[in-house]
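Undergrad:
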Amino acid sequence: MHLYQFVIVAISSVMLYLGVKEFANREAGQTLLKLAVRLTVWGGMALIAIYPDFTLFIARVLGVVDNFNAVVMMGFLLVFMLIFKLLSAIEKIEQNVSELTRKEALSEAHERIELLRQEIREKKKEREKAA
């Protein structure tokens with residue numbers, strides 16, 4: 061086996077583990093579709109890294125002549141890793157924005173309630189003085 065095969069299998073294994081762990085822990089934004097895509101992409105990467113001749117079979121079926129596994133695999137690996145990381149970061153940012161928005165809305169609501177309570181107390185005091 062070549063170095064790139066070990067690297068791809070290691071990265072694929074980590075990504076598969078994280079995907080299954082996130083889905084099992086029911087983390088926000090983790091759906092069965094995302095898990096299936098992750099298993100297909102990273103599992104496929106590991107499969108092709110372990111059995112590079114499988115791409116020859118696919119190439120013959122699709123009619124492609126050249127087999128340049130290492131370059132294409134590393135390119136796909138990099139692109140998919142970046143996409144998954146970006147999607148994960150975007151989802152976390154969306155969750156943080158939602159949480160901050162909710163906290164701000166609750167804070168404003170509490171402030172408004174306190175102002176209304178204070179107005180009610182003042183009016184009550186005015187009525188007591190007038191009576």
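Heads up, the sequence shown is in our numbering, so the first residue is 61 and it goes up one at a time. Glycine residues also receive a C-beta, built at the ideal position from the N, C-alpha and C atoms. Owing to the predicted nature of the structure, the values given are computational and were not obtained by experimental measurement.
(1) Starting from residue 98, trace the alpha helix (DSSP H) in both directions and tell me its first and last residue.
(2) Which one of 172, 184, 171 and 72 has the shortest CA to CA distance from residue 100?
(3) What does the alpha-carbon distance come out to for the pair residue 80 and residue 180?
(4) Taking Cβ to Cβ, would you say residue 68 is nearer than 8 Å to residue 105?
(5) Given a threshold of 16 other Cβ atoms within 10 Å of its Cβ, counted over all protein chains shown, does residue 173 qualify as buried or as exposed?
TA: In terms of the structure at hand:
(1) Reading the sequence shown from its first residue, position 38 is the one you call residue 98. 92 to 110 is the span of the alpha helix (DSSP H), which, as asked, contains residue 98.
(2) Looking up residue 100 in the sequence shown gives position 40. Each of 172, 184, 171 and 72 was checked against the Cα of residue 100, and the nearest Cα belongs to 72.
(3) Along the sequence shown, one-based indexing puts residue 80 at 20. Along the sequence shown, one-based indexing puts residue 180 at 120. When rounded, the separation of the alpha-carbon atoms in residue 80 and residue 180 is 55 Å.
(4) Start at 1 with the first residue of the sequence shown, and residue 68 comes out as number 8. Start at 1 with the first residue of the sequence shown, and residue 105 comes out as number 45. Against a cut-off of 8 Å, the Cβ pair of residue 105 and residue 68 comes out as a contact.
(5) As a first step, residue 173 must be located in the sequence shown, where it is residue number 113. Counting Cβ neighbours within 10 Å, residue 173 comes out exposed, since fewer than 16 surround it.
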